[in-house]
Every structure is written in structure tokens, then in C-alpha cells.
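As C-alpha cells, the structure follows; a few thoughts come after it.
Number of protein chains: 4
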Amino acid sequence: MYHHETKIRVRYAETDQMGYVYHGNFATYYEVARVEMLREMGFPYKKLEDRGIKMPVLSLKCDFNAPTRYDDLISVKVTVTQKPSVKMFFSFEVYNESNILLNTGEIVLVFLDANTNKPCRCPIEITELFAQYF
Amino acid sequence: MYHHETKIRVRYAETDQMGYVYHGNFATYYEVARVEMLREMGFPYKKLEDRGIKMPVLSLKCDFNAPTRYDDLISVKVTVTQKPSVKMFFSFEVYNESNILLNTGEIVLVFLDANTNKPCRCPIEITELFAQYF
Amino acid sequence: MYHHETKIRVRYAETDQMGYVYHGNFATYYEVARVEMLREMGFPYKKLEDRGIKMPVLSLKCDFNAPTRYDDLISVKVTVTQKPSVKMFFSFEVYNESNILLNTGEIVLVFLDANTNKPCRCPIEITELFAQYF
Amino acid sequence: MYHHETKIRVRYAETDQMGYVYHGNFATYYEVARVEMLREMGFPYKKLEDRGIKMPVLSLKCDFNAPTRYDDLISVKVTVTQKPSVKMFFSFEVYNESNILLNTGEIVLVFLDANTNKPCRCPIEITELFAQYF
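Residue numbers (this note's numbering), protein chains in the order written: chain A, 1 to 134; chain B, 1001 to 1134; chain C, 2001 to 2134; chain D, 3001 to 3134.
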């Protein structure tokens, strides 16, 4: 297991008229968290696309525990739950500044060769980065 | 069980640079589908909010089977899977014009009293609308 | 001048906690309006991209006259204000169901050759479609 | 005149299939920039809403000079161009890490009393914060 934490400030554009963050926007928060995790590990997601690999989402799951509000500085804790192979499994916990658990989630991505659109192995550099955690 | 189907045209704004619909936008497609279902049944969601009831999302689940692309005219099939009480359970299937299943999903909403922010019973008119289907 | 009108239902996802449509979302409404206009004329924008032409936005201007709200069925009136050449000029008026003018806008797009990323002439079919209006 | 600069990392969700940031998303970047400016000055926008004042947008203008791309770390330079009164005038310049000017914009907001929905004077604390710059 590998853990990482990113802070995100909730934007006005992300709220809805209920006064909460619109539920679909958590997909974006999860994206930011896993991208910042990969950047910190030294392998930005952009580099992956530059090398002809893309990572579409296979499944997304969110559970909403408490309202997330405008201007909250949320902490998105991301965990890589399995050793990356053809797929990559992430889980998420989102907290506000009062350390209230707002949201939990899971996401599964797949490595795709951008030329063939076929699933492919996780690049060796990423496998190596995660090797010590599993 | 109650079924309804809505057609939605994919917008450019909803795609990402992978050339697919960004995965978080399916939450919005599901929203449109259940709102149009309620409208057709004669009880628009807006009327619910005007009466002091709001329906935040408790959980969201999406599985992605095939890429959804710009300008696709998708069919979002929504099913109310249980008799509405304090919660309301929906499932979704999204098809493109070639009748390929692109995406399936589930969502659970809760009826909240907007004054107290406490869960409340589904309004009687909605219970009655669905009574014949369960 | 060429006029066209499209109806769009405001989505919950498009509102913000002020209870209005978030101002940035008018860009998307304008997009839908000009895409539906081209579709109705017989030349969908998608066909343009399939032929190796893309149309990025050069400038965007919006004036907000009255609040646009959740579930409003808005009419977006689009006008092509000049004969298309390397650029294409659109203006927009957005009305609600009470025929209140909510918003006006202008947008300029440029035809780009997707291979060279250089500006190019408007395809002849589009020039011909608009010839009678200028 | 008062200047401030905010850095924003472009998200995947903000791109479209052209491989650029979708033009409507600059409204959100401008929002982040002016909110961070007010926060740094000691008067967060949230505090304004908590005090019963809201600031809807009256007009928005964007000019696109060069493509903004995924993962760009953009600098949004915001300038308050006039002394705040009933309205507040902002202009924006957006640069990428190579210091290329990607986008310029202008936005006008109005102070509204949230109870009456009528325009109102800028709160005295904000007037005082800006007094030295005009």
C-alpha cells in the first residue's frame, strides 16, 4: 500500500445550488490527488501520455458522508491498494479542515497503448516505484 | 421497478483530451435522466425543492464499458429499483446510437428536510406515483 | 445574417451556491447552440473535425442581464454575423420561458488545419451554406 | 491598481478533445485568482457571503492567444483596475511556465445585498484595503 495526501481548495464553480460540492466533481478531486501522487513519486501522468500510454477509468465509486462546502480546504488521501499491473487500483478519503470525513471513494484505471487501444502492462518505471510498498 | 429513457447529446465541453467523455460527467447524465423521469411522471425535482425538500446524493457508482465520444446521442435508461421511502435507489444504463452499452451506474439519494437538514419521508405524491410499480 | 434557436434545459450541475447558473457555463450553452445550428444546416461540427479541421475559440464575451436558474428551459438564439472566411463570428441571446433576456454574448472562432495548426479557409460547403444570407 | 498572482495546475477534467483547456474554464481560473487575491488581502470572499453580500458576474471577456494544455502550471495575474464601489473591475493575464501569454480577460462583478437582491456599496473594510492603491 502506498499513501499520499493532496490539499485542494473548493471552487465556487464546483458548488451547486444546494450549497454543497456537486457530487460529480469528486471525480476531479480524485484525479488531482492521484496525479499529484505520481508527480511526487517522480513520474507525472503527462509523461505517461507523452510515451503513448493512456489511463482511462474503468470504474468509479463515491460515498458521501458529510457535505463538502465552498472554500473548504479539503485533504484528499489516496491509497494505491494493489501492486500496479495492467490495472491500477486507488482508494480515497476526503477530509475537511475540522478533520471530518466527507467522502470515500475507489477508482480503477487501466493502462492502454494509445496506438492500439489495447490494455498493456504498467511501465517498468512505475512498477519499480511501487515495488517497495507491496 | 420503473423504467424511463432520456436522450442526451454529448457536448464538446464534456470531452477530455483522451477524446472520450470525462468520467465525472456521467454523474450529470444520470442527473438529467432522473430529473426527466420525474418530470414525465408529473413531479419535477424543482417542485420538490420549492416545497423545502432536497435530495443530496449518498452514493454513486459507475462502470465504464466502452468509450463515449463527442456528439454521441446517448440513451440513458434509468430504473427505480426500490419503492421510494427515505432513500431513493436508481440504476442506469447508457447506450450509444449503435446500441453499444457504454456505461452502467447506480446512485442513491436521500430525502432531506431543507430546514432541519434531517432525513425525511418521501412526499406522499411521489410514493403514490411509484406505488403501482412495486 | 443567419439566425437559429436552440432550447436547453438548465442542469443542477450547472448551478452554483448563489442559486444561479455559474457564469462560465454560458460558454457551453453557446457551444450547443452553434453546433445545433450547423447540424440543422447539414454540416455537423463533428464532420469538420473528421476532415482535419478544428475550430478553437479566439474570443468570448458574455453580458449577464438577469439570473438564469435551475430547470429553466432557455432559448439560445445564435446569429452568424459575418460571412464565414478564416474566422467565424457568432452572437447570442439567451431568453427564459417568460421571454426575459438573460444573457447576450459574442464568440469568434478560427478554422485551423489540424495537421499544421495553421489558420485555413472555411470549407467550401460551409461557405455555400451561408452564401445566401450575406 | 492592485496586482496579485496565483498559480493553478491545469486538470485533465478541464481539457477537451482538441487537447486544449476548454475555453469556458477560464472563468473558473479567473474566479480562483480573484478569490486568492482577496484571501491574501485578509478578506476572503466566503466572509462576504457570510455577511449577506453576494457578487454575481455582470460581464466576462476572454481573449485566447495561445493554447493552454493539460498539466500546465499557469500563472493568473489579476489586476483590480478601479477603486471598488458598487461594482468591482478585474483584468487578467494568464501565462504558462515558458512565460507565454496564453489568455487575457476582464470581468465585472457587482455587490448585491443577498436579502433584497439589490446592488449595494462595497463593504468599508474592502474599500479600505484598496484605498492605498488608487
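Beta carbons: idealized from backbone N, C-alpha and C, even for Gly.
Note that the structure is predicted; figures quoted are calculated from it, not measured.
Close Cβ partners of residue i (< 8 Å) along its chain, the five nearest in sequence each way excluded
{"i": "Lys-1061 of chain B", "result": "Gly-1105, Glu-1106, Ile-1107"}
{"i": "Lys-1118 of chain B", "result": "Leu-1112"}
{"i": "Glu-2125 of chain C", "result": "Phe-2043"}
{"i": "Cys-122 of chain A", "result": "Pro-84, Ser-85, Val-86, Met-88, Phe-111"}
{"i": "Arg-51 of chain A", "result": "Pro-123"}
Short Cβ contact (8 Å threshold) for residue i with residue j
{"i": "Asp-2113 of chain C", "j": "Ile-2053 of chain C", "result": "yes"}
{"i": "Phe-3111 of chain D", "j": "Val-3086 of chain D", "result": "yes"}
{"i": "Glu-1031 of chain B", "j": "Thr-1006 of chain B", "result": "no"}
{"i": "Pro-3044 of chain D", "j": "Asp-71 of chain A", "result": "yes"}
{"i": "Thr-1018 of chain B", "j": "Leu-1129 of chain B", "result": "Residue 1018 of chain B is actually Met in this sequence, not Thr. No, Cβ-Cβ distance for Met-1018 of chain B and Leu-1129 of chain B is not below 8 Å."}
Rounded C-alpha distance that separates residue i from residue j
{"i": "Arg-69 of chain A", "j": "Asp-2016 of chain C", "result": "11 Å"}
{"i": "Glu-1097 of chain B", "j": "Arg-3039 of chain D", "result": "48 Å"}
{"i": "Ile-3008 of chain D", "j": "Gln-2082 of chain C", "result": "36 Å"}
{"i": "Phe-3134 of chain D", "j": "Asn-3115 of chain D", "result": "30 Å"}
{"i": "Lys-47 of chain A", "j": "Arg-11 of chain A", "result": "27 Å"}
{"i": "Val-3078 of chain D", "j": "His-3004 of chain D", "result": "5 Å"}
{"i": "Glu-3049 of chain D", "j": "Tyr-2022 of chain C", "result": "16 Å"}
{"i": "Ala-3131 of chain D", "j": "Ala-131 of chain A", "result": "57 Å"}
{"i": "Cys-120 of chain A", "j": "Tyr-2020 of chain C", "result": "45 Å"}
Supposed contact pair residue j and residue i - C-beta distance, whole angstroms, cut 8 Å
{"i": "Tyr-3029 of chain D", "j": "Val-3080 of chain D", "result": "The Cβ separation is near 17 Å, so there is no contact."}
{"i": "Ala-208 of chain A", "j": "Gly-1024 of chain B", "result": "Residue 208 of chain A lies beyond the stretch modelled for chain A, which goes from 1 to 134, so this question has no answer here."}
{"i": "Ala-1033 of chain B", "j": "Phe-1092 of chain B", "result": "6 Å"}
Chain G contact for residue i (CB, 8 Å cutoff)
{"i": "Tyr-30 of chain A", "result": "The chain inventory of the structure shown lacks chain G, comprising the protein chains A, B, C and D."}
Local conformation of residue i per DSSP, three classes
{"i": "Gly-2024 of chain C", "result": "helix"}
{"i": "Met-1001 of chain B", "result": "coil"}
{"i": "Glu-3093 of chain D", "result": "strand"}
{"i": "Asp-2016 of chain C", "result": "coil"}
{"i": "Val-2010 of chain C", "result": "coil"}
{"i": "Thr-1127 of chain B", "result": "helix"}
{"i": "Val-1076 of chain B", "result": "strand"}
{"i": "Met-88 of chain A", "result": "strand"}
{"i": "Lys-1054 of chain B", "result": "strand"}
{"i": "Lys-1047 of chain B", "result": "helix"}
Spatial neighbours of residue i in its chain, beta-carbon cut-off 6 Å, leaving aside the 5 residues before and after
{"i": "Val-94 of chain A", "result": "Ile-74, Val-76, Leu-102, Asn-103"}
{"i": "Leu-58 of chain A", "result": "Val-108, Val-110"}
Close Cβ partners of residue i (< 7 Å) along its chain, the five nearest in sequence each way excluded
{"i": "Ile-2100 of chain C", "result": "Ala-2066"}
{"i": "Thr-3127 of chain D", "result": "Pro-3084"}
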